[in-house]
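Down below is the structure, laid out as structure tokens.
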Amino acid sequence: MTAEPLIIAENLTIHSGTTPLVKPISFTLGRERVALVGESGSGKSLTARSLMGLLAPGLHLQARQLQVAGRDALALNEKRWGQLRGSELAMVMQDPKYALNPTRTIGWQVEEPLKLHHRLSRAERREKVAEMLAAVGLPQPTQLMTRYPHQLSGGMGQRVMLAIALIADPQFLIADEPTSALDHAMRDQVLALIRRLVEERNMGLLLISHDLQQISEHCERVMVMYKGQLLDSLPAAELPRATHPYTRTLWACRPSKATHGQPLPVLDRVALEKELEHD
Amino acid sequence: MIELQNLSVAHRQGYDLRTVVHDVSLTVNAGECFGLVGPSGCGKSSLLWVMAGLNPHWAGTMQLAGHQAQPGKAFTGDLRRDVQMVFQDPYASLHPRHRLRRTLAEPLKLLKQDNINDRISAGLRHVGLDPALADRYPHQLSGGQRQRVAIVRALLLQPRVLLLDEPTSALDMSVQAEILNLLNQLKQQDGLTMVLVSHDPDVIDHMCDRAVQMAEGRIVGTRHAA
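Those protein sequences? They're chains W and P, same order as listed. Under our numbering, the first residue of the first sequence is numbered 1, with each subsequent residue one higher. Under our numbering, the first residue of the second sequence is numbered 1001, with each subsequent residue one higher.
Below is the structure:
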């Protein structure tokens, strides 16, 4: 792990009109595996999208400092962002059903980042696409390149998205709930794959998730968000001994055979709101 | 409460019928939570849809809450009332342009019940929601609140069997815990019989007294509570 951080955010805020969606948060991310957790609406996806310059129009980003891959992200225009996305930073979305282009073949979609960011001949590109598809564990890559997204299962679709994200050798990968559209057996496989590829390529990873058990297995550091604020930040190995009540409930609320017949711990939202007001 | 014998389920595919569940036999006792678990496409939801009377293309014998169901026929009368279902996606299972009161009142009006508004208020309170929410639209509610409303909709008809198709897979882990607690509490209070479908073995282990594992349209094993 190099000491040079890939992403530095200082007092980052996101507003919709005058409503604050993400309140001032600061963090740095290096070549490490970091998880961002929180419930729906906590602002974790917005934070991740702002790092890619992909906020919806109407949302306003402000920050004292926002550096992405050594560049000042606050001063980037759309063209510069375009050069950065795919080559330095890449993102895997939640649901391959919606994120892949239904009218283009898999081969075309995996090849596109190479066309945009690298100068390679057509044959070289095709060879790299086939290698990448094999690297994400898809069988018969050359046949697969002629298929369309609707012909793939969810797990295969997610692997294709990962291939698109990684083919131009980015330094940092953002994965926004990459496994929540998959069934239980697929989840661990896809996550283990993401982890292996990120480690092999010495990349940084920001994994958005609400499954803390999964995170404790695959990540090194955890940041916890609630209602647009960064509540807690701790090493993933410390999750079972978390001291913040919110983190502790998130950790303990997972059902299992051991909890059969007992009520699961739930969040005391009233107490949490009160505590946030005091801050 | 539920007895299935050699049940097979088919789906229409063009002019053909494709059988997706083969010769399933199982019994669910009254007051029990029974689980169906398996990977996507194993036929667990197809089986549940048949039990809910939503797919007439089945063969075999099926007894539900004391009624003998007939293949190819829609559920009517007491059978329709006794078996109710909660769907996976709380965003898609409530009418987006109707206020909740209208959605919840529709089956009650059909059954010519009295004091419909009181029943709706009581139902919402029963699952821990403010009765004032009845005058909102679904998009004004969070995912967990919507799933609670979907549960109220099913419970207002005082069913004896509640079918749950992945009721928490679209929800956050923390909200899932709230909904599972609610279902357990309802099961104890009202003595409901529940059939729960999930791809998450942890949810099944937490909730169910007995469960079967399905794969490729067949039952391949049983799971028991600890």
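All residues carry an ideal CB built from backbone N, CA and C; glycine is no exception. Quick caveat: nothing in here was measured; it's all calculated off a predicted structure.
Open item on the list: Rounding to the nearest angstrom, what Cα-Cα distance links L1186 of chain P and L1100 of chain P in this structure?
Closed with: 21 Å
Open item on the list: Among the candidates W:T259, W:N202, W:Q229, W:D183, whose CA atom is the shortest distance from the CA of C1042 of chain P?
Closed with: W:D183
- [ ] Can you check DSSP and say which residues form a bridge with I25 of chain W?
- [x] W:L12
Task: the ligand PLP heavy atom lying under 6 Å from the CB of S45 of chain W - done: The ligand PLP is not part of this structure, which contains no ligands at all.
Task: Pair within 7 Å by beta-carbon distance, G41 of chain W and Y226 of chain W - done: no
TODO: Take the Cβ of V270 of chain W as the centre, count every other Cβ of all protein chains shown within 10 Å, and call the residue buried at 16 or more, exposed below.
DONE: exposed
- [ ] At 9 Å on the CB atoms, spell out the chain W contacts of E1178 of chain P, in chain order.
- [x] C253, L264, V266, L267
Task: Element boundaries [alpha helix (DSSP H), containing L193 of chain W] - done: 184-200
TODO: Hey, could you find the ends of the beta strand (DSSP E) M203 of chain W is sitting in?
DONE: Segment: none, M203 of chain W is in no beta strand (DSSP E) and carries neither H nor E.
Task: Range covered by the beta strand (DSSP E) that runs through R122 of chain W - done: Element bounds for R122 of chain W: not the beta strand (DSSP E) but the alpha helix (DSSP H), 122-135.
Task: Proximity winner among W:L59, W:A175, W:Q67, W:E4, relative to T19 of chain W (alpha-carbon distances) - done: W:L59
TODO: Please go through the same chain and pick out, in chain order, the residues whose beta-carbon is closer than 6 Å to the beta-carbon of V1086 of chain P, but skip the five residues on each side of it.
DONE: A1150, I1151, A1154, L1164, P1167
Open item on the list: Output needed in chain order: residues of the stretch 29-42 of chain W with a Cβ under 8 Å from some Cβ in chain P.
Closed with: E39, S40, G41
Open item on the list: Just to make sure I have the definition right: I need the residues of chain W whose C-beta is within less than 8 Å of the C-beta of N1181 of chain P. Which are they?
Closed with: P263, L264, V266
TODO: Find the residues of chain W that neighbour C1202 of chain P, judging by a C-beta separation of less than 7 Å, and give them in chain order.
DONE: Note on identity: in this sequence residue 1202 of chain P is Asp, with Cys being the wrong assignment. Those are R254, P255, S256, listed as they occur along chain W.
Task: D268 of chain W classed as buried or exposed, judged by whether at least 16 other C-beta atoms fall within 10 angstroms - done: exposed
Task: Which residues DSSP lists as bridging R1097 of chain P, in chain order - done: The partner list for R1097 of chain P (beta bridge, DSSP) is empty, contrary to what the question assumes.
Open item on the list: By DSSP's criteria, G1221 of chain P is part of a beta bridge. Which residues make up the other side?
Closed with: P:Q1213
Open item on the list: Looking only at its chain, what residues have a beta carbon closer than 8 Å to the beta carbon of R221 of chain W, apart from the 5 residues adjacent to it on each side?
Closed with: E32, R33, V34, A35, S233, L234, P235, A236
Open item on the list: For the structure I just gave you, are there three or more beta carbon pairs, one from the stretch 152-168 of chain W and one from the stretch 96-112 of chain W, closer than 8 Å?
Closed with: yes
Task: Those runs of the alpha helix (DSSP H) which lie wholly inside the stretch 1097-1134 of chain P and span at least 4 residues - done: 1100-1110, 1116-1126
Open item on the list: Quick check on the burial criterion: 16 or more other C-beta atoms within 10 angstroms. Buried or exposed for P57 of chain W?
Closed with: exposed
Task: Proximal chain P residues relative to L250 of chain W, where beta-carbon distance stays under 7 Å - done: M1173, S1174
- [ ] Following the continuous alpha helix (DSSP H) through V160 of chain W, name the residue where it begins and the one where it ends.
- [x] 154-166
Open item on the list: For A1010 of chain P and K97 of chain W, I'd like the C-alpha separation in whole angstroms.
Closed with: 25 Å
Task: Interface residues of chain P facing T259 of chain W [CB-CB closer than 7 Å] - done: H1206
TODO: Determine the direct distance from the alpha carbon of H210 of chain W to that of D1172 of chain P, and round the result to whole angstroms.
DONE: 7 Å
Open item on the list: Using 8 Å as the cut-off, can you tell me whether the stretch 1022-1033 of chain P makes contact with the stretch 246-253 of chain W, which would need three or more C-beta pairs spanning the two stretches below that distance?
Closed with: no
- [ ] Would you tell me roughly how many angstroms separate the C-alpha atoms of I1120 of chain P and T1103 of chain P, rounded to the nearest one?
- [x] 10 Å
TODO: Measure how close the beta-carbons of L21 of chain W and L46 of chain W come, nearest whole angstrom, since I'm counting them as under 8 Å.
DONE: 6 Å
Task: K23 of chain W versus M132 of chain W - alpha carbon distance - done: 39 Å
Task: CB contact check: S1046 of chain P to chain W, cutoff 7 Å - done: no
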